[in-house]
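Visitor: In UniProt numbering, the protein residues as written are 1 to 299. In this text, a Cβ means the ideal position worked out from N, Cα and C, and glycines have one as well.
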Amino acid sequence: MVEAGPRVAVAVVTMGNRPAEVDALLASVAKQDVAPERIVIVGNGCPLPEFAERLDLPGEVTLIEVDENLGCPGGRNVALERLRAFGDVDVVVELDDDGLLVDADVLRRVRDLYAADPRLGIVGFRIADEHGETQRRHVPRVGAKDPMRGGPVTGFLGGGHALSMAMLGETGDWAAEFFFAHEETDLAWRALDAGWTVLYAPELLLQHPKTSPARHAIYYRVNARNRVWLARRRLPLPLVPVHLGVWVLITLLRMRSVGGLKAWFSGFVEGWRESGGERRSMSWRTVWRLTRLGRPPIL
1 MVEAGPRVAV
11 AVVTMGNRPA
21 EVDALLASVA
31 KQDVAPERIV
41 IVGNGCPLPE
51 FAERLDLPGE
61 VTLIEVDENL
71 GCPGGRNVAL
81 ERLRAFGDVD
91 VVVELDDDGL
101 LVDADVLRRV
111 RDLYAADPRL
121 GIVGFRIADE
131 HGETQRRHVP
141 RVGAKDPMRG
151 GPVTGFLGGG
161 HALSMAMLGE
171 TGDWAAEFFF
181 AHEETDLAWR
191 ALDAGWTVLY
201 APELLLQHPK
211 TSPARHAIYY
221 RVNARNRVWL
231 ARRRLPLPLV
241 PVHLGVWVLI
251 TLLRMRSVGG
261 LKAWFSGFVE
271 GWRESGGERR
281 SMSWRTVWRL
291 TRLGRPPIL
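Spelled out as structure tokens, the structure:
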């Protein structure tokens, strides 16, 4: 007997350089006690093997290969476009290709959370390494140390999360222009501005290797560029210089690398010179909502 509830899909974007990790992730999806309706795997500028035949995956499996690397948000948009065309999915769980679902009840818990709250837009998972440690930057609250404290928040982690397809119909999909960095904040702010809830659910665990975002060669430049784009796209005009001024100060205090600082300020200038997409400022009501949730949008 099929249990009623929101229909859940799984989407994975890969660049083809982690075949063993993708196999392990998909095997953990196959072991879930509630099978996904669909699995969509996007080869972001790379060919894909026949995962379905090799791993005996549940549900309908769709493989999509794109000619170029579209970045994290662009690749996820490809999966969302295909799921929207199918028209038979209510929630999509997006997982990093080097993540792992340790528990077998993750998709069931996701389904139940969305069934209980029709205005639940985004659910963020807890990210922990193979030793169970969650990095401080992965706790979605300012100054928070306890990764097990769940509840409504202002942001989420791209490595493991769930998105309401109905919400995306209102907010739009990922900001593909960002390519990498701050795309989660952009989407979370749009969701909150449209009246949806962003929930951090630490009981939903994605095991992920401990990494630093600075491992990417483009990190400092793109991080700064996207910070400017984020402010220009989403903040009321009086808050744009405040937000960016705060982050210039934070960067000067934190950064220890002269090369990193040069790259960061190069990206900062690029963010002003180039368009980061359409400006749709959040309301002042949303500014207050973000503030009440513990992260005013000047941070």
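1) Taking only three categories from DSSP, how would you classify residue 290?
2) Could you check which residue in 30, 252, 188, 72 has the C-alpha nearest to that of residue 178?
3) Please state whether DSSP places residue 156 in a helix, a strand or coil.
4) Inspect the CB distances between the stretch 108 to 126 and the stretch 185 to 195 and report whether three or more fall short of 8 Å.
5) Can you name, in chain order, every residue of its own chain whose Cβ lies under 8 Å from the Cβ of residue 47, other than the five neighbours on each side?
6) Rounded C-beta distance between residue 176 and residue 70? I'm assuming under 8 Å.
7) Who are the Cβ neighbours of residue 171 in its own chain at under 6 Å, not counting the five residues just before and after it?
8) Based on Cα-Cα distance, which residue from 25, 33, 79, 289 lies nearest to residue 44?
9) Quick check on the DSSP output: what are the complete beta strand (DSSP E) runs of length 3 or more inside the stretch 192 to 240, in order along the chain?
10) Among 188, 205, 270, which has the Cα closest to the Cα of residue 133?
11) Closer than 7 Å: is that where the CB of residue 66 sits relative to any heavy atom of the ligand NAD?
12) Take residue 59 as the anchor and find which of 117, 273, 186, 9 has the nearest alpha-carbon.
13) Leaving aside the five residues before and after residue 7 along the sequence, list all residues of the same chain whose C-beta is less than 8 Å from its C-beta, in chain order.
14) Between 235, 220, 258, 164, which lies nearest to residue 180 when the distance is taken from Cα to Cα?
15) From residue 228 to residue 54, what does the alpha carbon distance come to, in whole angstroms?
16) Taking residue 107 as the reference, which of 235, 21, 11 has the closest Cα?
17) Who are the Cβ neighbours of residue 369 in its own chain at under 7 Å, not counting the five residues just before and after it?
18) Sort out for me which residues DSSP pairs residue 39 with in a bridge.
19) In the DSSP assignment, find the unbroken alpha helix (DSSP H) run with residue 124 in it and report its ends.
20) Is residue 163 buried or exposed, if buried means 16 or more other CB atoms sit within 10 Å of its CB?
21) Assuming residue 94 is part of the beta strand (DSSP E), what are its boundary residues?
22) So which of 155, 281, 239 has the shortest CA-CA distance to residue 187?
23) Quick one: using the 10 Å Cβ neighbour count with 16 as the cut-off for buried, is residue 250 buried or exposed?
24) What are the boundary residues of the alpha helix (DSSP H) that residue 24 is part of?
Guide: Let's see:
1) In the three-state scheme derived from DSSP, where H, G and I count as helix and E and B as strand, residue 290 is classed as helix.
2) 72
3) coil
4) yes
5) 16, 65
6) 6 Å
7) 190, 191, 194
8) 79
9) Whole beta strand (DSSP E) segments, 3+ residues: 197 to 207.
10) 205
11) The ligand NAD is absent from the structure shown, which contains no ligand whatsoever.
12) Nearest of 117, 273, 186, 9 to residue 59, Cα basis: 9.
13) 37, 88, 89, 90, 91
14) 220
15) C-alpha separation (whole angstroms): 44 Å.
16) Proximity to residue 107 across 235, 21, 11 peaks at 11, based on C-alpha coordinates.
17) Residue 369 cannot be examined here, being either before or after the span of the chain that is shown, 1 to 299.
18) 10, 61
19) Premise fails: residue 124 lies in the beta strand (DSSP E), 120 to 128, not in any alpha helix (DSSP H).
20) buried
21) 91 to 96
22) In terms of Cα proximity to residue 187, the closest of 155, 281, 239 is 155.
23) exposed
24) 19 to 30
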